[in-house]
């Protein structure tokens with residue numbers, strides 16, 4: 046049966062129009078086409094909406110990238126400024142970086158910063174860690190614990206630690222650092238030493254051994270037998286295995302500790318802002334002649350030079366456990382002296398340019414007038430420090446030697 050299309054002629058406003066009347070089949074086909082069209086139009090609109098949403102997301106993402114780049118650039122600039130401040134003064138640098146939100150005021154954050162940030166002054170790191178303040182001591186503890194000492198020999202563990210900062214010169218600071226190191230090493234390697242005191246004494250012995258073996262200024266080099274003798278009886282009253290001490294000695298002898306390089310070690314920085322400086326006349330050690338020397342008092346040390354333009358001092362007198370007093374002399378007015386009950390730990394440069402240890406118990410100097418003499422004595426007295434460290438070291442050796 047075939048479908049027919051009827052043509053009907055109608056009159057509208059006097060005009061005739063032809064209208065097609067579809068059959069049932071064509072009507073169903075036309076209805077299907079309308080449905081497909083509506084569906085396609087909806088899909089196109091949905092696609093347009095998706096494209097619009099995607100465009101918005103891309104714009105937001107692009108804006109976030111720009112913001113992130115700006116933030117990273119700002120943080121890099123802040124870190125650069127903070128590093129410069131730190132390398133001049135560790136505390137000022139840390140205060141600045143905390144203020145800009147680079148890290149929080151926690152010992153963990155600061156220890157990570159000191160350990161993992163490139164370009165920091167190793168000297169400033171050492172000075173900050175060596176401060177005898179409660180917070181600094183906590184940072185020191187966290188800093189040491191960042192290092193992994195498990196299954197390392199004592200020498201290798203010390204190498205790792207000493208490469209991360211410049212060991213300060215003050216004995217008390219070294220004492221606190223070695224105490225912290227010994228505790229962490231023993232916790233990481235149970236059974237190597239019977240107690241932390243033994244580890245502490247051996248560690249300090251290795252630092253001193255490194256100095257005597259590899260410092261060209263030290264003439265008397267420590268021998269193996271001397272090193273073993275130094276560490277007798279420190280293992281709960283007994284001796285450490287000889288093979289262990291031989292291994293430690295040979296390790297240091299063949300490969301010295303690497304001291305981190307640091308531009309801040311230039312002596313120019315040491316003498317930049319002295320407590321006092323000026324000309325004094327100093328009595329010689331061997332010939333008792335008097336010579337005019339330029340003295341600089343700074344950092345609890347008294348340095349003397351031949352001339353004000355000299356870059357290296359002629360001698361150094363650490364003002365540790367010393368005294369200063371007036372010294373009337375009919376031939377040399379305005380005289381005073383620095384003295385000790387034992388040998389003063391000082392050094393000087395000999396005629397060949399070698400650094401030699403002094404063996405004096407008195408250093409005598411004279412000023413040009415009484416007011417100048419009094420000012421020098423007052424300044425020196427204020428700079429004298431009483432360091433109980435060596436007494437503490439002897440006590441630790443005694444403690445390590447006692448049988449538990």
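In the working numbering, the protein residues as written are 46 to 449.
Note that the Cβ used here is the ideal one computed from N, Cα and C, for glycine as well.
Here the structure is a predicted model, which is why all the values come from computation and not from measurement.
Residue i versus the options, residue with shortest Cα-Cα distance
{"i": "residue 219", "options": "259, 174, 237", "result": "174"}
{"i": "residue 241", "options": "251, 301, 227", "result": "227"}
{"i": "residue 383", "options": "100, 230, 407, 269", "result": "407"}
{"i": "residue 385", "options": "98, 375, 409", "result": "409"}
{"i": "residue 301", "options": "260, 79, 334", "result": "260"}
{"i": "residue 289", "options": "444, 144, 251, 374", "result": "251"}
{"i": "residue 333", "options": "376, 119, 153, 150", "result": "376"}
{"i": "residue 199", "options": "249, 271, 123, 391", "result": "249"}
{"i": "residue 355", "options": "394, 294, 179, 236", "result": "394"}
{"i": "residue 201", "options": "72, 100, 76, 292", "result": "292"}
{"i": "residue 120", "options": "143, 133, 79, 366", "result": "143"}
{"i": "residue 419", "options": "441, 129, 370", "result": "370"}
{"i": "residue 352", "options": "374, 373, 427, 324", "result": "324"}
Unbroken alpha helix (DSSP H) run spanning residue i, endpoints
{"i": "residue 411", "result": "Taken as a continuous stretch (DSSP letters only), residue 411 belongs to no alpha helix (DSSP H), being part of the beta strand (DSSP E) at 407-411."}
{"i": "residue 242", "result": "241-259"}
{"i": "residue 139", "result": "135-144"}
{"i": "residue 215", "result": "No alpha helix (DSSP H) contains residue 215, which DSSP labels as neither H nor E."}
{"i": "residue 188", "result": "179-191"}
{"i": "residue 297", "result": "287-299"}
{"i": "residue 420", "result": "415-428"}
{"i": "residue 270", "result": "269-275"}
{"i": "residue 29", "result": "Beyond the ends of the chain as shown, which are 46 and 449, falls residue 29; an answer cannot be given."}
{"i": "residue 161", "result": "152-161"}
{"i": "residue 200", "result": "199-207"}
{"i": "residue 174", "result": "167-175"}
Check whether residue i and residue j have beta carbons under 7 Å apart
{"i": "residue 412", "j": "residue 379", "result": "yes"}
{"i": "residue 233", "j": "residue 209", "result": "no"}
{"i": "residue 344", "j": "residue 424", "result": "no"}
{"i": "residue 257", "j": "residue 267", "result": "yes"}
{"i": "residue 131", "j": "residue 90", "result": "no"}
{"i": "residue 388", "j": "residue 404", "result": "yes"}
{"i": "residue 322", "j": "residue 341", "result": "yes"}
{"i": "residue 187", "j": "residue 224", "result": "no"}
{"i": "residue 350", "j": "residue 359", "result": "yes"}
{"i": "residue 391", "j": "residue 362", "result": "yes"}
{"i": "residue 135", "j": "residue 172", "result": "yes"}
Alpha-carbon to alpha-carbon, residue j and residue i
{"i": "residue 297", "j": "residue 305", "result": "17 Å"}
{"i": "residue 207", "j": "residue 303", "result": "8 Å"}
{"i": "residue 339", "j": "residue 364", "result": "17 Å"}
{"i": "residue 231", "j": "residue 185", "result": "17 Å"}
{"i": "residue 158", "j": "residue 326", "result": "48 Å"}
{"i": "residue 217", "j": "residue 190", "result": "20 Å"}
{"i": "residue 214", "j": "residue 102", "result": "59 Å"}
{"i": "residue 82", "j": "residue 88", "result": "10 Å"}
{"i": "residue 238", "j": "residue 444", "result": "14 Å"}
{"i": "residue 422", "j": "residue 414", "result": "12 Å"}
{"i": "residue 275", "j": "residue 247", "result": "9 Å"}
{"i": "residue 105", "j": "residue 96", "result": "14 Å"}
{"i": "residue 229", "j": "residue 329", "result": "48 Å"}
{"i": "residue 285", "j": "residue 273", "result": "9 Å"}
{"i": "residue 166", "j": "residue 346", "result": "23 Å"}
{"i": "residue 71", "j": "residue 86", "result": "22 Å"}
Residue i - containing beta strand (DSSP E), residue span
{"i": "residue 340", "result": "335-343"}
{"i": "residue 347", "result": "346-350"}
{"i": "residue 322", "result": "321-328"}
{"i": "residue 392", "result": "392-394"}
{"i": "residue 360", "result": "360-363"}
{"i": "residue 370", "result": "368-371"}
{"i": "residue 382", "result": "380-384"}
Contact test: residue i Cβ vs the ligand GDP heavy atom, cutoff 6 Å
{"i": "residue 144", "result": "This structure lacks the ligand GDP; in fact it carries no ligand of any kind."}
Cβ contact check for the segment 273-289 and the segment 236-256: 3 or more pairs under 8 Å: yes
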